[in-house]
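Residue numbers (our numbering), protein chains in the order written: chain A, 21 to 194; chain B, 2 to 129.
Notes for the one structure printed next.
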Amino acid sequence: MQNDHELIQDYQNGNLSAFDEIVRRHLSNTIGFFYNITRDQMASEDLAQDVFYKLYRHLKKFRFESAFTTYLYRTNINTVNTWLTRNKWKNFLHLEDAPDHGELDTSLENEWTRKELWDAIAKLPKKQRTVVMMRIAQNLPYKEISEITGMSVGSAKVNYHHAVSSLKEWLSDE
Amino acid sequence: MNNFEQKILNMKSSSHPNSDSDQFLSKLHGRIEESEQNKKTIMTSFIMIFVIGFLSWSQLGVSIKENIYYSMEIEDYFETDFWTMSIDSLEVDESYTEDLAYFLLDEGDLWEAVDLLNEIKMEEEISL
């Protein structure tokens, strides 16, 4: 079984089925990441389409300096950041209802909904938001987060700590 | 890890709906194809705009020549109108009359040929 780098090499040599294999291999994980954030299957698939479309275009220039998953997570984060920003504006302008990922979770004792949490996360500064999303939606260790974002492990921890403090403050007020 | 942080981490869904990878790939390839088509259309449009723009621009510096395709002269070129007619349309050169005379002789019209020659001679005398 070929590893990711070998498949990318094949794709760069013109083998399009190698790209399909990459998609099949990482599709479930990618959709899962977006589903944790959006709680909407359609939106998750659309975002995953965006991610793999970007990969289709940019993998031809992949330089094999990092693991493919690092590259994929970075693309996921950029895509979801764009999605959150777009949703924030839509909510602000009341153009349409935001996707309803706000069903009450009984395990949270109805304190706040997922929607409230993700609305609060969308308000965080970009670095903090990125770290929180990777911790919550992907459950990535700080070391991997630091590789993906380019910040140090310490910086990732500090950003996460600040983000959690802000979220706690905002959600407790509501 | 405090209680709040644990709650946030617990929000991670343990499962998510499965997606049909073949259907997903089919949609993805459709999107890629559509994008390639759009790219070609945009490229063609840009090339056409560039070519038309270049041709228009290349004509901007050219001085305007007055190419007049109609006559500003009132006089007719061949002086064939009634008022300006100065010569008779029958006034033709010598070789033409000779040819005509030879033709009449060949046809056996001897007197016609003589009349023609006399007429031409008369006209020459009048014009003098």
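Cβ coordinates follow ideal geometry from the N, Cα and C atoms, glycine included.
Computed from a prediction, not measured in an experiment: that's the story for all the values here.
Nearest-angstrom beta carbon gap, residue j and residue i [assumed within contact, 8 Å]
i                : j                : result
Asp24 (chain A)  : Phe88 (chain A)  : 4 Å
Asn49 (chain A)  : Ala157 (chain A) : The Cβ separation is near 11 Å, so there is no contact.
Arg94 (chain A)  : Ile168 (chain A) : 5 Å
Leu106 (chain B) : Leu117 (chain B) : Contact flag wrong, Cβ pair sits at about 10 Å.
Val151 (chain A) : Asn179 (chain A) : 5 Å
Trp103 (chain A) : Leu160 (chain A) : Incorrect: roughly 19 Å between the Cβ atoms, too far for contact.
Arg32 (chain B)  : Gln29 (chain A)  : No, Arg32 (chain B) and Gln29 (chain A) are not in contact; Cβ-Cβ is about 24 Å, not under 8 Å.
Arg59 (chain A)  : Arg134 (chain A) : 6 Å
Endpoints, the alpha helix (DSSP H) within which residue i is located
i                : result
Trp58 (chain B)  : 22-61
Ala140 (chain A) : 134-142
Glu108 (chain B) : Neither: Glu108 (chain B) is in no alpha helix (DSSP H) and is coded neither H nor E.
Met153 (chain A) : 146-156
Ile6 (chain B)   : The displayed chain sequence assigns Glu, not Ile, to residue 6 (chain B). Glu6 (chain B) -> alpha helix (DSSP H) spans 4-11.
Gln32 (chain A)  : 24-32
Gly52 (chain A)  : 36-58
Met62 (chain A)  : 61-78
Ser166 (chain A) : 162-169
Neighbourhood of residue i by C-beta distance below 6 Å, restricted to the same chain and skipping five residues each side
i                : result
Val43 (chain A)  : Phe72
Ile97 (chain A)  : Thr150
Phe5 (chain B)   : none
Glu123 (chain A) : Low per-residue confidence applies at Glu123 (chain A): pLDDT is 49, beneath 50, and the placement is therefore not dependable enough to give any value.
Proximal residues to residue i (C-beta, below 8 Å), its chain only, five neighbours per side dropped
i                : result
Leu191 (chain A) : Glu131, Trp132, Glu136, Leu137, Ala140
Glu34 (chain B)  : none
Gln32 (chain A)  : Leu79, Lys80, Phe82
Thr105 (chain A) : Ala142
Asp90 (chain A)  : Per the sequence presented here, residue 90 (chain A) reads as Thr, with Asp not at that position. Contacts found: Glu164, Glu167, Ile168.
Distance, residue j Cα to residue i Cα
i                : j                : result
Ser37 (chain A)  : Thr99 (chain A)  : 24 Å
Leu187 (chain A) : Phe51 (chain B)  : 53 Å
Val63 (chain B)  : Phe55 (chain B)  : 13 Å
Arg77 (chain A)  : Lys147 (chain A) : 26 Å
His182 (chain A) : Gly52 (chain A)  : 26 Å
Ala102 (chain B) : Glu108 (chain B) : 10 Å
Met171 (chain A) : Lys163 (chain A) : 10 Å
Leu144 (chain A) : Asn3 (chain B)   : 20 Å
Ser22 (chain B)  : Gln61 (chain A)  : 14 Å
Met82 (chain A)  : Asn35 (chain A)  : Reading off the sequence, residue 82 (chain A) comes out as Phe, not Met. So the two alpha carbons sit approximately 15 Å from each other.
Lys177 (chain A) : Ser185 (chain A) : 12 Å
Met49 (chain B)  : Ile43 (chain B)  : 10 Å
Glu126 (chain B) : Asn119 (chain B) : 11 Å
Glu85 (chain A)  : His30 (chain B)  : 27 Å
Ile121 (chain B) : Gln60 (chain B)  : 59 Å
Gln24 (chain B)  : Ser57 (chain B)  : 49 Å
Ser20 (chain B)  : Phe54 (chain A)  : 13 Å
Lys28 (chain B)  : Met154 (chain A) : 27 Å
Met123 (chain B) : Thr98 (chain B)  : 14 Å
Phe39 (chain A)  : Leu47 (chain A)  : 12 Å
Ile9 (chain B)   : Arg149 (chain A) : 13 Å
Leu27 (chain A)  : Glu189 (chain A) : 46 Å
Asp110 (chain B) : Ser128 (chain B) : 27 Å
Leu26 (chain B)  : Asn11 (chain B)  : 31 Å
Glu37 (chain B)  : Glu65 (chain A)  : 21 Å
Leu92 (chain A)  : Thr45 (chain B)  : 33 Å
Gln22 (chain A)  : Ile53 (chain B)  : 51 Å
Leu128 (chain A) : Lys41 (chain B)  : In this prediction, Leu128 (chain A) has a pLDDT of 49, which is less than 50 and means its spatial position is unreliable; nothing more can be read from the coordinates.
Asn39 (chain B)  : Glu41 (chain A)  : 26 Å
Pro18 (chain B)  : Asn101 (chain A) : 22 Å
7 Å CB neighbourhood of residue i in its chain, flanking five on each side removed
i                : result
Leu75 (chain A)  : Thr95
Glu113 (chain B) : Leu105
Val173 (chain A) : Tyr162, Lys163, Ser166
Thr126 (chain A) : Because Thr126 (chain A) sits at a pLDDT of 49, beneath the cut-off of 50, its placement in the model cannot be relied upon, and the point is left open.
_Please identify, using Cβ separations under 7 Å, the residues of the segment 65-86 of chain A that lie next to chain D, in order along the chain._
Of the protein chains in the structure, A and B, none is chain D.
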